[in-house]
Each structure stands twice: as structure tokens, then as C-alpha cells.
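See structure below.
Residue numbers (our numbering): 56 to 306.
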């Protein structure tokens, strides 16, 4: 079985057996995929006791947890986890059964091909991104804290790696070409430019990741595309599905 859900932001309450009773019939050979903003790797420099408890609990679930990265991840730490080959693609191994599906990979799971590509632009930084080593950091922080515009701090609550590198995008193109640009499922955090336009009716600004995903959308044949980020549960069209708090079975 493969289930899929949306942004968790470090809160995995939805995986309690009382909320997700299907897990009673699952094993580690069954999977739950999170469409970004996993949030389980967040503490600044090292795994906090709270994180250890939560990640160990998640690892103790009868299923295997997979996730693509969102924009709210601690990329400094996430990219330090060991990289392993798994089901045809590359993962960061957070726990034995908690795995980050890296960008631009094609995984073969339950005889289905799944293309993964995490990342998105943060929409909660209208106040800007503060640099911790700025000599006026305290002053700027105090000023912004008194205002109404949300802001972030570099390497504390925001990372430039929320958007992919050219190398990651090119790896995605090459991996899809190896599979003749045909997969069963695409799992991302953001979505293609045209999809976002349908979703937001002009509310959202596009970035180069949206444009890259639009390129994928035009070139690749797929059955379903699942994404998170926009905090809603909605079928944008017959093939592209925005998911948040729901957990749905796809295989």
C-alpha cells in the first residue's frame, strides 16, 4: 500500500492509530508519502530531545515514512544525513524507516514509478530575511517584531536551499529521460506555473521552480501529480491534486 498526505510542519498527530486506523494492516513494506514541509528536522544545530522523541515515534510506526522537502525544512541539517540508494533513487536516511526522497529522483515502489521533487518559495517573508551576523540584527529584529509583516532569520527559519540548484533540476531531467519521461506519480511540494494559476487565480507569484515543474508537466506523461504547500485539499483537475491534512491511498 502507498498512502499520501500533505504538510506536517513537525506535527505528526495524524499518524496516530485512532486517526489513521489503516496502519493496523500495514507493514514496513507499506508507505506514507508526505508532500513537503515535513518539519521533523528543524532544530538549528543538532537533533533536539523533542525531535528525537518524535522521529523515534515515527520510526516505530508499522509503515515506512517518505517525504519530499518543502520550504520549511532545516536544509543545513537535512543535507548532512547519509545519502543512500533506495528503490532506484537517492534518499537521505533520517531513520531506518523515515526517508527523505531527494530532488529529481525516480523511485520504483510497489511496481509504480514515482518522480520526486521537493522545494518551494516561502510566502511568509514579506518582512524580509534577517542575517544573524548583521551588526544591526537586534535593532532590525525588534522593529520587525513590533510590526505585522512575517519575517525569517537565515539559517534559523529560512534557507536558500528551499529552491533547487541547477544541478538538482538537471538531474531530474536526466532521470526522467532514463524512464522515457513516463511515470505513474509525481510528488512535489510546489506545483507547475499553469497549475498554480488555476489554483490561485493570480494570487501567487511564479518562480523558477514553478517554471521548471511546468517544463516537467509538459514533457512527462503521468497518471497523478500530488503536491502540498498551499494548505488545502483540492482536486485542481483530474490529474493534479493539492493535499494537506487528508491521508489518501493511491496504491
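No residue lacks a Cβ here, since even glycine has one placed at the ideal position from N, Cα and C.
Could you give the uninterrupted runs of the beta strand (DSSP E) lying entirely in the region 59–117, keeping only those of 3 residues or more? 86–90
Nearest candidate by alpha-carbon position, reference residue 235, set 277, 185, 80, 148: 277
Since residue 182 and residue 219 should fall inside the 8 Å C-beta cutoff, what is the C-beta to C-beta distance between them, to a whole number of angstroms? About 25 Å; that fails the 8 Å criterion.
Just the Cα atoms here: how many angstroms apart are residue 146 and residue 203? 38 Å
Would you identify the three-state DSSP class for residue 301, choosing helix, strand or coil? Assignment of residue 301 by DSSP, reduced to helix, strand and coil, places it in the coil class.
Straight-line gap, residue 157 to residue 199 (C-alpha atoms, nearest Å): 34 Å
Residue span of the beta strand (DSSP E) that contains residue 140, given as start and end: 138–141
Given a cut-off of 7 Å on the beta-carbon distance, is the pair residue 238 and residue 168 in contact? yes
Using 10 angstroms around the beta-carbon of residue 256, count the other beta-carbons present and answer buried if the total reaches 16, otherwise exposed. By the neighbour-count criterion, in which a residue is buried when 16 or more other Cβ atoms sit within 10 angstroms of its Cβ, residue 256 is exposed.
Is the region 87–107 touching the region 178–196 in the sense that three or more CB pairs, one from each, lie closer than 8 Å? no
How far does the beta strand (DSSP E) with residue 36 in it reach, from first residue to last? Since the displayed the chain opens at 56 and closes at 306, residue 36 lies outside it and no answer follows.
Run through the DSSP bridge pairs and tell me what residue 295 is partnered with. 280
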